[in-house]
Each structure stands twice: as C-alpha cells, then as structure tokens.
Amino acid sequence: MPLALLALAISAFGIGTTEFVMMGLLPNVADDLGTSVPTAGHLVSAYALGVVIGPSAALCLGRRCGFLAVAPAARPVCFA
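In terms of my numbering, the sequence shown opens at residue 2 and continues consecutively.
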C-alpha cells in the first residue's frame, strides 16, 4: 500500500472519529454550556465546516505566499 494512501486513510479515520465522539458527548457539552442539545449541535456543524474550508484556504494561501511563509502564522491557529 502506498504511504500516501495510508496517510489519507488514517487522517480520514481521525476526522470522522472526532465528529462522532463530539456527537456522543453532545448532551454533556450542552449542559456545560447551558444551552439545549440542538443548539450545541451547531458545534459539530462548525467543526465540519472548518474541516472543509480550513485546508482549502491554507492551500490557496500557501501557494500564493509560499508555504514557508504561511507555516509560522498557521501554527498558532492550529493550537488555539
């Protein structure tokens, strides 16, 4: 199996797992935030939207400005 395919499979598994874990913890998150479960469910949608838009925006910015220039600015965003 090519290494790139293995990396893609592992990353897809990780992204899918984080979304399903969040759905399982949703009632607890809603209680902690003091909101209803449907309102807290928007967090799952926001995460999914970030997964879709974030890498595309980073790729476009990296191609325009150079990946080495974008990396120091992207690091704090990833760990925030």
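By construction, the Cβ of each residue, glycine as well, lies at the ideal position given by its N, Cα and C atoms.
These figures come from a predicted structure and were not determined experimentally.
Original post:
How close, in whole Å, do the beta carbons of Ala41 and Ala31 come, if the pair is a contact with beta carbons under 8 Å?
Top reply: The beta-carbon distance between Ala41 and Ala31, rounded to whole angstroms, is 4 Å. This is short enough to meet the 8 Å contact definition.
Subject >> Pro56 - containing alpha helix (DSSP H), residue span >> reply: Here the alpha helix (DSSP H) through Pro56 covers 43 to 66.
Original post:
Ala10 to Asn29, Cα distance in whole Å?
Top reply: In this structure, the alpha-carbon of Ala10 lies about 30 Å from that of Asn29.
Subject >> Simplified DSSP state of Leu26, which is helix, strand or coil >> reply: Coil, per DSSP.
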